[in-house]
Amino acid sequence: MSANYARLDGNRKSCYSFVFLLLISSISAIMMTPHSEASSSGDLGIIDSEQPASDSFIAAYDSIQFTALVENNFNSPSPANRLLNWYVCEGVKPTNVCVTNYDDNGIINVGTISPGDVMTFTSNDYFNPQGYTGLMTIVYQFDQMDLNPTDDVLSFTVNSTSEYVDLKLDYSSNILQSLNDLSTYNNEFILNTNTTYNISIDGFSNLCGSCQLNATFGWKLFNFSNYQLLGESYINFTSFPSSGFYKSFSKTLPSFSHNETGIFVLRYGIFSSEGDPNSDMYTNNNLNEILININDDLDLRVVSFHPTHNPSSLTYYYGEDMVTTEITSYGNKTVDDVTVLLEIKNSDGVTIGDDTCQSGTVKPNEVVFCQFDITASGPDLKIVISIPTILNEGVDLEPTNNIVEEDTDIIIPELSGYIVNNNPKEWYTTDDTISLTGFANIFAPGPINYSWWYSGIVNLGYDKNLSLNANEIGLGEHLLRLTVRDIFGNTENIFYSVNIYYYVEYDNSPYFHATSATIETSIIESESKLPLIGETYGVGNGKSPLMLISFDLNGVNSQQNSFTGTNWMDIEFNPTEILPSTIPFSTVEIRKLNSLDDTEWSVFDSSQIDINQQDENISLRIYEPTTVLIIGQMNSPNIDASNFTTSLAPGGKFSLSWDSTGETSNDYIGGWSVYRLVVPSSGGTVFPSSNQPYNQLVWDDLTSDSYVTSLSIETEHWDDAAVMEEDECVSYAIAPIDRQGIVYFEKANVTTDENGDGTFVCGDNIPPNSLIIQLTHSWEFTNSSDCFKIENDWSLCYKVDLSWTWPEHESEGNVTWNLYRIEQTPSNLDISLISPILSNIEAVPQETANFTEYGWEDNGIRPERTYYYILAPIDWVGNEKSIIGYPSRNVERVEIDDDWWSYYQHLIPVPPEPEDPPLNNEWLGNVSESLEQDEFKIAGVVVLFTICLSFIMLPLIIKKRKRLKRVVDARNRQKMTDFMADEFDDFFD
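Each residue of the sequence shown is one higher than the last, beginning at 1 in the numbering used here.
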């Protein structure tokens with residue numbers, strides 16, 4: 001095979017491979033193409049896209065909806081479930097490519113279309129170019145092809161730009177709605193000739209941020225019949241929202257006015273624009289046309305009239321504004337200041353009274369009211385109300401409805417006088433001012449005259465208002481009279497009774513406030529105290545007696561009770577201030593007692609009590625001396641023995657400590673109750689903590705025989721004097737108790753572990769065994785003249801220095817020390833009753849400590865005495881090692897000699913000369929003196945015995961050594977012989 005043939009064969013194979021790849025790609029593209037099948041009946045055709053239009057511009061950052069025009073080309077209505085898909089592709093793409101590889105898509109629901117009709121359908125979803133600029137391909141395609149698939153697909157392009165400019169009108173608003181005082185006919189607004197209207201229009205602006213636009217707004221008026229232009233006006237605007245999306249704006253068109261009536265066409269909107277870089281890019285939404293009706297017809301009507309005092313009355317009252325009439329305009333033009341006339345005629349038709357009313361401005365469809373005075377009275381009269389037909393604005397088209405009349409009777413109303421008390425009270429004090437106002441029938445003919453009288457003859461005033469100082473008429477019951485008179489001389493007398501008493505007040509704010517009235521100068525006496533401790537007063541229902549308050553009313557001069565049976569005392573209690581905040585107001589009640597010492601109560605009459613739940617106070621009225629018992633439900637008190645701690649105390653005892661928090665000043669808390677459970681060290685029942693569910697039965701059982709003591713609420717520490725045996729442990733509980741003796745176990749605090757669970761604590765009565773390291777001392781005579789001068793006694797001038805090193809603490813806790821000084825040898829001595837010279841010395845392990853004591857101190861040291869200094873250890877509980885023995889590392893013996901002579905040798909007599917030694921040899925003299933001492937004699941005997949024993953034993957030892965040496969040499973020779981034999985054996989082997 002040649003090289004050329006091989007090359008051609010390779011090319012052929014490559015071509016085959018390329019064709020095969022194309023085939024596979026085509027199949028894949030066909031599989032990816034949406035399936036459309038001619039399964040839908042009828043023939044719907046896509047005519048065009050209304051929004052966006054083909055080859056139009058769209059904003060690069062604005063969302064739009066697609067609106068398609070669809071026509072039914074079939075002879076029957078189309079199905080209601082056709083779906084029209086839309087596809088968007090960036091750039092110019094063939095239809096099938098765009099449908100296959102679209103950038104966005106959605107659905108347009110196509111409803112039923114009658115044969116031959118064209119309808120628009122809009123997508124529910126929106127499309128946003130997301131900033132893309134350039135041409136974009138849009139495809140509309142039915143999901144199912146119908147009988148004619150050629151018009152089931154529509155493809156076109158639009159231009160997406162970031163410099164989009166578009167102004168559009170808001171076609172949903174009626175521009176005439178912004179005008180005021182227009183008449184309407186069949187829900188259409190009517191304008192008037194020669195009237196200037198400032199019409200406002202609404203629209204939307206979509207301008208890019210850098211775009212500038214100058215738009216011409218205006219209107220054109222056309223004749224309806226021939227569409228002839230009758231007038232026009234324009235105005236330019238350059239300020240529009242530029243947000244990159246459609247944003248609303250409002251502009252006022254040039255003033256509109258026309259001098260002819262009729263039906264016209266008004267075209268308004270945006271007529272032209274110029275911009276940089278673009279003008280309005282979509283002008284199909286810039287203009288709108290409406291029909292307007294210009295009409296000046298007038299039609300005023302008297303709708304009706306009626307009596308002002310009562311519209312349903314058949315008679316009228318004499319007086320001012322006694323007739324009210326209703327006038328309206330059914331015309332199309334506003335009318336100003338129409339004079340309406342009222343006439344009153346008798347049975348002969350003669351006018352006996354009249355009045356006029358100015359209507360003011362009457363707008364189209366507006367109703368106004370006029371009121372007239374009636375100046376005549378009598379039976380069988382006729383009231384006529386009329387409107388002129390010739391007005392300043394024109395002639396009334398319907399004069400027949402301009403007049404209304406009615407036959408009736410006109411009467412003079414009664415006075416019907418009465419008195420109103422402006423500060424009504426059941427009684428007044430001499431310090432009060434009584435304010436009364438007289439009234440008469442508002443329809444009575446006036447002006448009305450008022451006069452006030454006391455005792456029928458004393459005039460108090462002629463005004464309708466009377467202000468009377470109660471002190472001017474004195475104590476007692478008084479009768480006042482009011483006389484009213486109308487314009488015709490008709491009169492009425494009205495009587496009013498007032499009671500004036502002495503006012504007494506007892507203000508104990510904010511707790512309670514009491515007032516009363518008497519016929520003499522009196523005082524209110526009150527006393528309060530807490531209920532008796534332990535007394536329930538039999539109130540029951542889960543409530544407790546809370547407070548006793550007594551009230552009495554006594555005369556200052558007579559010293560007699562001032563309750564007469566006709567007067568009373570009003571008391572207002574504020575239980576929220578009297579009682580603790582933990583007591584709900586809804587549970588508070590009051591009971592009646594005869595005295596503060598009484599324990600049997602009765603119930604007040606319901607008419608005496610007023611409980612105000614909103615303001616949370618109680619009002620009470622009493623007619624005799626009374627003691628009030630306030631009761632209520634005592635909820636768990638807001639108090640707590642926080643940080644409750646059970647601590648070990650010396651000698652196997654225990655100490656309790658806590659912080660009293662909450663309502664410690666609450667008088668209803670009697671104190672604390674303490675309970676103790678003794679349990680074995682192996683475990684047992686203990687008091688439950690707040691971590692566990694509260695159970696009253698459990699607490700009742702545990703506390704039935706475990707009560708120890710009661711303490712005041714201020715107490716925050718208690719030492720239990722009981723001593724526990726070595727194998728006994730305890731669990732404590734402390735709970736608040738109220739005045740009745742009720743214990744609130746739900747507020748109890750107990751002995752707990754580190755997790756807050758109830759537990760027990762075992763005592764400790766074993767003292768520590770710590771030993772001091774190197775307890776030493778030194779003493780000296782100070783020979784200080786200052787010391788001697790204190791009491792002229794040299795025996796005070798001594799001092800002792802102690803020095804020692806602290807040992808390690810015990811594993812259970814730190815050890816402190818007490819330092820004692822005694823003058824007797826401690827032999828199992830109990831020092832518990834001895835006072836230490838230093839107490840609770842803090843020890844730092846392995847550090848040296850010092851103590852110095854002087855003779856001039858109180859109970860100081862003295863010479864020629866022996867002292868024992870004792871360091872007694874105390875453990876962290878407080879147990880002290882009190883049994884001391886000597887010798888011990890914790891005891892130092894200090895013997896103090898009289899060292900005064902050491903400093904005053906010159907006072908010692910000169911000793912005699914010593915005798916010469918034997919043979920004048922000093923050594924012999926020393927030996928001779930030593931022979932007088934027992935120690936020397938014993939030592940000499942021992943030396944002689946040792947020398948004699950050495951002479952005897954030395955030969956024996958030498959002989960023994962020689963024998964041992966011979967044995968050792970023989971053994972060494974035998975070892976050498978055996979070694980040489982082994983060497984030769986190895987050589988010959």
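The beta carbon of each residue, even a glycine, is placed where N, CA and C say it ideally should be.
Item	Value
Kindly give me the distance between the Cβ atoms of P445 and Y316, rounded to whole angstroms, as I take these residues to be in contact under 8 Å.	Going by Cβ atoms, the distance from P445 to Y316 rounds to 13 Å, so no, they are not a contact pair.
Apart from the five residues on each side of it in sequence, which residues of its chain come closer than 6 Å, Cβ to Cβ, to I199?	I175, L253, F256
Would you say W718 and N814 are within 8 Å of each other, going by their C-beta atoms?	no
To the nearest angstrom, how far is it from the Cα of N561 to the Cα of S550?	14 Å
Write down every uninterrupted run of the beta strand (DSSP E) in the segment 92-172 whose length is 3 residues or greater and which is fully enclosed by it, in chain order.	104-110, 118-122, 134-142, 153-161, 165-169
Go to V698, then tell me how far its beta strand (DSSP E) extends in each direction, as first and last residue.	Careful: V698 lies outside any beta strand (DSSP E), inside the alpha helix (DSSP H) at 696-702.
Distance, Cα to Cα, R82 vs V70?	11 Å
Who are the near neighbours of Q358 in its chain, counting only those whose CB is closer than 7 Å to its CB and skipping five residues on each side?	D337, T339
What is the residue span of the alpha helix (DSSP H) that I787 lies within?	Residue identity check: residue 787 is Cys in the sequence provided, not Ile. 785-791 is the extent of the alpha helix (DSSP H) around C787.
Taking only the alpha-carbon atoms, compute the straight-line gap between P34 and L84 and give it to the nearest angstrom.	With a pLDDT of only 41 at P34, under the threshold of 50, the placement of this residue in the model should not be trusted; the figure read from the coordinates follows. The alpha-carbon atoms of P34 and L84 are separated by roughly 13 Å.
Going by C-alpha distance, which of N508, E589, R267, N541 is nearest S526?	N508
Expressed to the nearest angstrom, what Euclidean distance is found between the alpha-carbon atoms of S78 and V110?	9 Å
Between T120, S386, N691, Q608, which lies nearest to N755 when the distance is taken from Cα to Cα?	N691
If you measure between the beta carbons of S660 and I713, is that distance less than 8 Å?	yes
If V603 sits next to F687, beta carbons under 8 Å apart, how far is it from one beta carbon to the other, in whole angstroms?	Not a contact, Cβ separation roughly 42 Å.
Can you tell which of N554, L579, S522 has its C-alpha closest to the C-alpha of S544?	L579
Output needed for T193: all residues of its chain with C-beta closer than 7 Å, excluding positions within five of it in sequence on either side, in chain order.	H258, N259, E260, T261, I294, D296
In chain order, what are the residue ranges of uninterrupted beta strand (DSSP E) at least 3 long that sit wholly in the segment 400-478?	403-411, 418-421, 433-439, 449-454, 458-461, 465-469
Among all the DSSP beta bridges, which residues are the ones paired with I631?	P545, E589
Around the C-beta of Q141, are 16 or more other C-beta atoms found within 10 angstroms, so that it is buried, or is it exposed?	buried
State buried or exposed for F979, treating a residue as buried only when at least 16 other CB atoms are found within 10 Å of its CB.	exposed
Measure from the alpha carbon of V158 to the alpha carbon of each residue in Y511, D597, Y132, then state which is nearest.	Y132
In its own chain, which residues sit with a C-beta less than 8 Å from the C-beta of N422, not counting the 5 before and 5 after it?	S435, L436, T437
Assess contact between the segment 243-252 and the segment 55-66, defined as three or more Cβ pairs (one per stretch) separated by less than 8 Å. Is contact present?	yes
For T238 versus N214, is the C-beta spacing smaller than 8 Å?	yes
Apart from the five residues just before and just after Y462, which ones in its own chain have a Cβ nearer than 7 Å to its Cβ?	Y450, S451
How many angstroms separate the CA atom of M136 from the CA atom of Y197?	46 Å
Can the beta-carbon of W806 be found closer than 8 Å to that of E853?	no
Find the nearest neighbour of I390 within the set G417, D299, V362, G360, judged by alpha-carbon distance.	D299
Straight-line CA distance for V335 to V384?	22 Å
Under the assumption that S827 contacts Y886 (Cβ atoms under 8 Å), give the Cβ distance between them as a whole number of angstroms.	6 Å
Using CA coordinates, which residue listed in N73, G763, V679, V730 is at the minimum distance from F649?	Residue identity check: residue 649 is Ala in the sequence provided, not Phe. Comparing Cα positions, the closest option is G763.
Smallest Cα separation from F271: which of G671, N286, N278, L230?	N286
Measuring straight from C-alpha to C-alpha, what distance separates E932 and G925?	11 Å
From the DSSP output, read off the bridge partner residues of S329.	L300
Please classify L21 as buried or exposed, where buried requires at least 16 other C-beta atoms within 10 Å of its C-beta.	The pLDDT assigned to L21 is 47, lower than 50, so where the model puts this residue is not dependable; a value taken from the coordinates is nonetheless given after this. Exposed.
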